[in-house]
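Numbering (the working numbering), first residue to last: 1 to 328.
C-beta atoms are modelled at their ideal positions from N, C-alpha and C, and glycine is treated no differently.
Report on the structure given below.
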């Protein structure tokens, strides 16, 4: 397995590269990129990156943990980042059609979904749109609806203004952040260090971990492969109605949210957890927006438990443990 070196001061850090990276072809000549980590033969967990992000935005401890626990992690990109071609969904629910094509292409029948930050709405869309295939949904610091009858309270209500502002300025959605972010290739390392100095104290400790920093920089460079149009189009989708009601989600769902999150307020997690029927909320005391990057073991524990309960049959991991016990 290939490793890519990174450096934090004088400390050498290895970034664990995926087992494989490829694309799934979509109608109209489009494609979505993805990367796989963990156990190639395990049950599938689809992992959705934040905004910005790409297929390598995986908490550093998750790949090895997934390998040991028998999980196949499939990190799926959204349009306009990494290997993925640009496209703007009319609403978050439209993502489900593309996701169905991805799992069918990869011959994945049933799977759990996990999303960090901006990946949260797409996790919930998958849980709503594919209830017979999604076994569990985990949302880590996810943004809530900002428009419609289920609008979450908090600072993100400005998002519905983004699309009309861009239209009035005659700025193509797909080009806005491309020009702003492209220079990151040359200044990724010092730029990241600068951000950690101005980030809230609650996030600083997480982001300064050498392995975490190496992962973020590696993923940001990966995201730039596709021009990094996804953040702008994500923001447009976040500013629209999602196309479904949180009350109609039947999949077991768990929200993790830091009570010191200065980007997506805790009120979003509280609001969504109160609406989704089979949902729980785990609050991280003192946790900021990046608290979701350090709860990997808990997330995999939740999806493992939910998978077994929802399947009404032992999972691959349970069967493996029982077989090992019988040999003893």
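Specify the secondary structure class of residue 209 as computed by DSSP and reduced to three states. In the structure shown, residue 209 sits in coil (DSSP, three-state: anything other than H, G, I, E or B).
Short Cβ contact (8 Å threshold) for residue 82 with residue 223: Cβ distance < 8 Å, so residue 82 and residue 223 count as in contact.
Could you tell me the alpha carbon to alpha carbon distance between residue 132 and residue 35, rounded to whole angstroms? Cα to Cα, the separation comes out at about 24 Å.
Evaluate residue 15 with the Cβ neighbour count: other Cβ atoms within 10 Å of its Cβ, from every protein chain shown; 16 or more gives buried, anything less gives exposed. Residue 15 counts as buried, since at least 16 other C-beta atoms from the protein chains shown sit within 10 angstroms of its C-beta.
At a cut of 8 Å, does the stretch 51-69 reach the stretch 282-291 through at least three beta carbon pairs? Taking a contact to require three or more Cβ pairs closer than 8 Å, the stretch 51-69 and the stretch 282-291 do not qualify as touching.
To the nearest angstrom, report how far apart residue 107 and residue 72 are at their CA atoms. Just so you know, the alpha carbons of residue 107 and residue 72 end up roughly 13 Å apart.
Determine the direct distance from the alpha carbon of residue 296 to that of residue 235, and round the result to whole angstroms. About 26 Å.
Between the CA atoms of residue 220 and residue 33 - distance to the nearest angstrom: Approximately 15 Å, taken between the alpha carbons.
Report the partner residues of residue 119 according to the DSSP bridge assignment. Beta-bridge partners assigned by DSSP to residue 119: none are found.
Which residue's Cα is closest to the Cα of residue 139: 307, 309, 245, 302? Comparing Cα-Cα distances from residue 139 to each of 307, 309, 245, 302, the minimum goes to 302.
Please give the ranges of any alpha helix (DSSP H) in the stretch 41-96, keeping only runs that are unbroken, at least 4 residues long and fully inside the region. Uninterrupted alpha helix (DSSP H) stretches at least 4 residues long and entirely within the stretch 41-96 occur at 62-69, given in chain order.
Per-residue burial, residue 39 [other beta carbons within 10 Å of its own, 16 or more giving buried]: Classification for residue 39: buried.
Closest residue to residue 95 among 212, 237, 229 (Cα-Cα distance): Minimum Cα distance to residue 95 is reached at 237.
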